[in-house]
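Reminder that position 119 of the sequence shown reads as 119 in the numbering used here, one-by-one numbering, no gaps.
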Amino acid sequence: MSDEFKQPVANMKPDSLPVSPYIRAKEEWDSRIGNARVQAANWRLAALGIFGLCILLLFGLIYQSTKSAVVPYIVQVGPDGEVLSSVKAIETSRAPQDNEIKYFLGKWVHEVRGVPLDIVVKKNDWINAYLFMKPRAAIKMNEYIKQENPMSKVGEETVSVKLTGVIKMSAKTYQVRWVEDVFEKGGGLKETYKMTGVLTVDFKQPTNEKDILNNPLGMYISDWAWAKEI
1 MSDEFKQPVA NMKPDSLPVS PYIRAKEEWD SRIGNARVQA ANWRLAALGI
51 FGLCILLLFG LIYQSTKSAV VPYIVQVGPD GEVLSSVKAI ETSRAPQDNE
101 IKYFLGKWVH EVRGVPLDIV VKKNDWINAY LFMKPRAAIK MNEYIKQENP
151 MSKVGEETVS VKLTGVIKMS AKTYQVRWVE DVFEKGGGLK ETYKMTGVLT
201 VDFKQPTNEK DILNNPLGMY ISDWAWAKEI
C-alpha cells in the first residue's frame, strides 16, 4: 500500500473529563465541608484566645486584690484639734509621745483586767492585748491566766477599769494606777479596789503596712507586774 493512501488517525480522546452533575455535586460538597472546617478552626482559635485573656485578667485581679490600696499616715493633732503634722507612717521614725504611751498603757490594762459581760468581747480583748506583748510578757501572761482563770468570771460578774494615773519611772518603765469596780451579775456593785502596775515598754519601728495598721507606733509590753493597793 502506497503512502498516499495512509491517513493520520484522529485523536478521539476528550481534552477533559465530561462534566457530570455528580462531579459538580461532589465539588460543591467538598467546598462546603472545607469552609466549615476552616470556620470551626477559626472559632476554636478565637475561643482559646478569649479563654487565655480571661485567665490573665483573673490572675491580674487576684494580684491586685492582695495589694493594699490603703496608705496609713501618722497625724499629730494639737490640743485644740488642729493638725500639726502629717507623714506617711512607713517612712517615719517618729518616737511616740508621752501622751500616746499613756493611752497605749491604759488601753492595754483595760483589755487584760476588764471583764465584760460578753465572752466574745473578752476574747477579742485578749487577742488584741497579746498583739502588743513581747514573748517574755506573753509567757508571763499565760501563767497568770492558768492560775487565775479570768475567763471564768465572764457571765458571772463584770469588772470596769478606770485609769487614775501614769508616771514615767525611767526611759521605758511606767507606773500605772487604776481603780477596778466589780459588779454582780444582777448589776449591783460588789466591791471596789485600787491597783498599781509597773509596765515596761519596748519600741520597734514597723517596717510593713500590716504592722503599721496593727501597731503604728511600734509599742510593745516587754514586762509587767501588778498588785492591789493596801
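The C-beta atom is built at its ideal place from N, Cα and C for all residues, glycine as well.
Give the straight-line distance between the Cα atoms of Val166 and Asp98, rounded to the nearest whole angstrom.
Answer to the nearest angstrom: the Cα atoms are 10 Å apart.
I'd like the list of long-range same chain contacts for Gly52, defined as Cβ closer than 8 Å, with 5 residues on each side in sequence excluded.
Cβ within range, chain order: n/a, list empty.
Look at Phe113 and Asp223 and say whether their C-beta atoms are less than 9 Å apart.
Note on residue identity: the sequence assigns Arg, not Phe, to residue 113. Not a contact, by the Cβ cut-off of 9 Å.
Anyone know if the C-beta pair for Ile221 and Trp108 falls short of 9 Å?
Closer than 9 Å, so yes.
Hey, could you find the ends of the alpha helix (DSSP H) Met141 is sitting in?
From DSSP, the alpha helix (DSSP H) with Met141 extends over Pro135 to Glu148.
Assign Ser170 to one of three DSSP states: helix, strand, or coil.
Looking at Ser170 - three-state DSSP - the assignment turns out to be coil, as it is neither helix nor strand.
With Leu199 as the anchor, note down where its alpha helix (DSSP H) starts and where it stops.
Element bounds for Leu199: not the alpha helix (DSSP H) but the beta strand (DSSP E), Leu189 to Phe203.
Going by the DSSP bridge assignment, what does Arg177 pair with across the sheet?
In DSSP, Arg177 forms a bridge with Gly165 and Thr196.
Taking three-plus beta-carbon pairs below 8 Å as touching, is the region 173 to 184 in contact with the region 149 to 161?
Short answer: they touch.
Using 9 Å as the threshold, is the C-beta distance between Val201 and Thr164 below it?
Cβ distance not < 9 Å, so Val201 and Thr164 don't count as in contact.
Could you work out which residue in Leu105, Leu56, Ala95 and Leu61 is closest to Leu217 when comparing CA atoms only?
Of Leu105, Leu56, Ala95 and Leu61, the residue nearest in Cα terms is Ala95.
Return yes when the Cβ of Met169 is within less than 9 Å of the Cβ of Val198, no when it is not.
Contact flag set, yes.
DSSP beta-bridge partners for Lys228?
BP columns for Lys228 point to Met195.
On the CB-based measure, 16 or more other CB atoms within 10 Å of its CB, does Phe59 come out buried or exposed?
By the neighbour-count rule (16 or more Cβ atoms within 10 Å), Phe59 is not buried but exposed.
DSSP three-state call for Glu157: helix, strand or coil?
In the structure shown, Glu157 sits in a strand (DSSP, three-state: E or B).
Nearest to Ser160 by alpha carbon, out of Lys122, Lys146, Ala138 and Met133?
For Ser160, the nearest C-alpha among the options comes from Lys122.
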